[in-house]
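Residues in the sequence shown are numbered from 836 upward in steps of one, following the working numbering. One structure is given here, and the rest of the page talks about it.
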Amino acid sequence: MVTIRSPHALRGGVHPEYNKTLTASEPIRELPLPARLTVPMSQHLGAPAKPVVKVGDTVTGGQLIAEAGGFISAPIHAPAAGKVVALEETLTAAGRACAAIVIETAAEQTWQPMPTFPEWRFTNAKQLVEHIGAAGIVGMGGAGFPTRVKLAPPSDKPIDTVILNGAECEPYLTADHRLMVEHAAEIRIGAEIIRHILGARSLRVAIEDNKPEAIAAIETAFRDTAGDVAVVVLPTSYPQGAEKQQIYSVTGREVPRGGLPMDVGCVVENVSTAFAVFDAVVNGMPLVRRVITVSGDAIAQPSNLLAPCGTLYSDLVEACGGITGRAAKVLSGGTMMGFAVGSLAIPTGKTASGLLLLSPKKITAFTSQACISCGRCVDACPMRLCPAELSQCIEADDIESAERVALMDCIECGACAFVCPARRPLVQHMRRGKAAVMANRAAQKAP
Ligand code: SF4
Ligand code: SF4
C-alpha cells in the first residue's frame, strides 16, 4: 500500500467555505430509537419499492417490508421492530411525494438477521452480488444507484480499478470523514469484498487533503492489504467527490460524454457504501441506518448521528439540542448540492448525508440579473459545459438546443451558480431542462 498525491488536477471547480470544523471532531453518536419511523419507498434511484406489509402487521427489525419495484430499484427493510400503523404519502428531501410505511417502534426490539458470508473470499461473485442486492444497498454518496447493478457490469466491460470515494467535498458534511476515522477497518473489508466481486486488480481510496485524520486511519487499516493498493490524496476542491472528476483525478482516464465509469474500467463506490457492504456480508445487516451530519450555526449541538432510515428531521434536531435563534434556511444535504426544505417532517433515507440549519447571518438575499457574459461559469464547470448558453436555451424553452450542447452531462454540482456575479439560478435551470429532456424521452418511448 502506498500513499500518493493525485497526479491529475481537477478541471474547473470552486473553493466554498467548508465549515467542517463544526462537526469534524464529533464522534458518531447513535440516535435513541424514535417512537415512529416514516420509511420512504424511494430511497434510491429508479422505481420506488413496493410495500409487502399492511397496516396492523407486526414487523421485526431487518424484516423485508418492501420489495424492489424493478431492475433499477432496491428492497427496503424495517429499521426497527414495531407495528405498521400507516401507509401514507411523505415528501423526500428533494421535495417529491412518495409512499411511506409508518412504523410505531416497539419497546422490546427483536432482529431478523440475513445470512452472512464470513468466507466471502471463497464465495462466488454472483452469490455476493445477490446478497448485496437483497440487503438493499445503494450508493450512499447521494445518487442512490443500486449497488447490485454497479457490481455486475457486462462481460465486455472489465473493471480493473475500484475507487473508494472518501472525498466528501460538500461543505459542512463530515459523516464519511467520521466513518473513515472510526471504522476504517470495516471499510477496508467492504472494499476488498467489492474488489473480489469485480475481479479488479487495483484499489484506490481517494480522500481530500483537508482530512488528515481520515487519511491516517485509512493508511493504517489498508497497510497490509494485498495487491495494487493506494491512498490517493486529492487537493481540496469542489467537486472532487463527483464520480467522473474523481476517476480523472485518480487515474487520468476521462469518461466519455454520455458514458459510464465502466467504459474506462472503473467502479467508484462511496466509503459509506463500502461499510454497508461489509455490514451486509459479514454481519448480515441490511441497509437500514446511516450516519448523517446535523450541522449549521442554528443548531445547538452540531453532531454526527447514526440514525435509522425513516427518522424525521425533527427527531434529529431534537437529538442535537434543538434550534438556536432562528433557522432562516434548512438544507437537506450540503450547501452546494443540497435541497432547501420547508418542513422538518421529512424522513431520512439511505442517501441522506446531512441536515443543515442556517441562521439569517449565513443567508444572502439576492435578485437574479441578466447574464453579463463574464465566462466565470465556464471556467468553474468541471464538465466543460457552457452553463450560460445552456441556461439561456432552457429559459427560452429551447430544450433541443440545450440537449445538443450536452445538457445531460451536467452533474448539478452548482459550481457555476457559486461563481456567477449575476446570481443566476443556473442549477435550477439545468434541473428543469434535464427533467424536460427525460419527459420527452419517456413520451417518445410510450406506445
Ligand atoms: S451545475 Fe452543471 S453546468 Fe453548472 S458547473 Fe456543475 S456541471 Fe457545470
Ligand atoms: S457566470 Fe453568470 S453572468 Fe457570467 S457568463 Fe456565466 S451565467 Fe453569465
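Note that beta-carbon positions come from the ideal geometry of N, C-alpha and C, so glycine has one too.
- In the three-state reduction of the DSSP assignment, Ile972 falls in the coil class.
- Under DSSP, Phe1110 shares a beta bridge with no residue.
- Residue pairing by DSSP places Phe1174 opposite Ser1167 in a beta bridge.
- Taking a contact to require three or more Cβ pairs closer than 8 angstroms, the region 1002-1011 and the region 1026-1046 qualify as touching.
- With distances taken between CA atoms, Thr1108 lies nearest to Gly971 out of Cys1209, Pro1091, Gly971.
- Here Phe906 is exposed. Its C-beta has fewer than 16 other C-beta atoms within 10 Å.
- Listed in chain order, the non-local C-beta contacts of Met836 below 8 angstroms within the same chain comprise Glu1054, Phe1057, Arg1058, Asp1059, Thr1060, Val1064, Ala1065, Val1066, local neighbours out to five positions each way being set aside.
- Counting along the chain, no alpha helix (DSSP H) covers Cys1248, and no H or E run does either.
- For the pair of segments examined, the region 1006-1024 was found not to touch the region 926-938: the number of CB pairs separated by less than 8 angstroms stays below three.
- Burial is judged here by how many other beta carbons sit within 10 angstroms of a residue's own beta carbon; Asn1275 has fewer than 16 and is exposed.
- For Glu861, there is no enclosing alpha helix (DSSP H), as DSSP gives it neither H nor E.
- By alpha-carbon distance to Thr996, the top candidate from Thr1199, Pro1182, Arg1088, Trp946 is Arg1088.
- The region 1215-1226 and the region 1146-1162 do not touch, with fewer than 3 CB-CB distances between them shorter than 8 angstroms.
- One thing to note: Leu1191 has its Cβ no nearer than 8 angstroms to the Cβ of Leu1225.
- For Ser841, there is no enclosing alpha helix (DSSP H), as DSSP marks it with neither H nor E.
- In chain order, Ile1032 place their CB closer than 6 angstroms to the CB of Ala960, counting only its own chain and leaving out the 5 sequence neighbours on each side.
- When DSSP states are grouped into helix, strand and coil, Asp1063 belongs to the strand group.
- Shown here, Val997 sits in a strand according to DSSP, grouped into three states.
- Checking the 7 angstroms criterion, the Cβ of Leu1141 is out of range of every heavy atom belonging to ligand 1.
- When C-alpha distances from Ala941 are compared across His966, Ala928, Ala913, Pro948, the shortest belongs to Ala913.
- When secondary structure is reduced to three states using DSSP, Arg1030 falls in the helix class.
- Under the three-pair Cβ rule at 8 angstroms, the region 1098-1112 does not count as touching the region 867-880.
- Close to ligand 2, as judged by a C-beta nearer than 7 angstroms to any of its heavy atoms, are the residues Cys1206, Ile1207, Ser1208, Cys1209, Gly1210, Arg1211, Cys1212, Val1213, Pro1222, Ala1223, Ser1226, Cys1251, Val1254, Cys1255, Pro1256, Ala1257, Arg1259, Leu1261, in chain order.
- Short note on Pro1006: C-beta not closer than 7 angstroms to any heavy atom of ligand 1.
- Ranked by Cα distance from Ile1022, the first of Phe1113, Val1126, Leu1069, Pro1091 is Phe1113.
- When beta bridges are read from the DSSP output, Ile938 appears opposite Leu872, Val919.
- Pairing Thr1146 with Lys1164, the inter-Cα distance amounts to about 20 angstroms.
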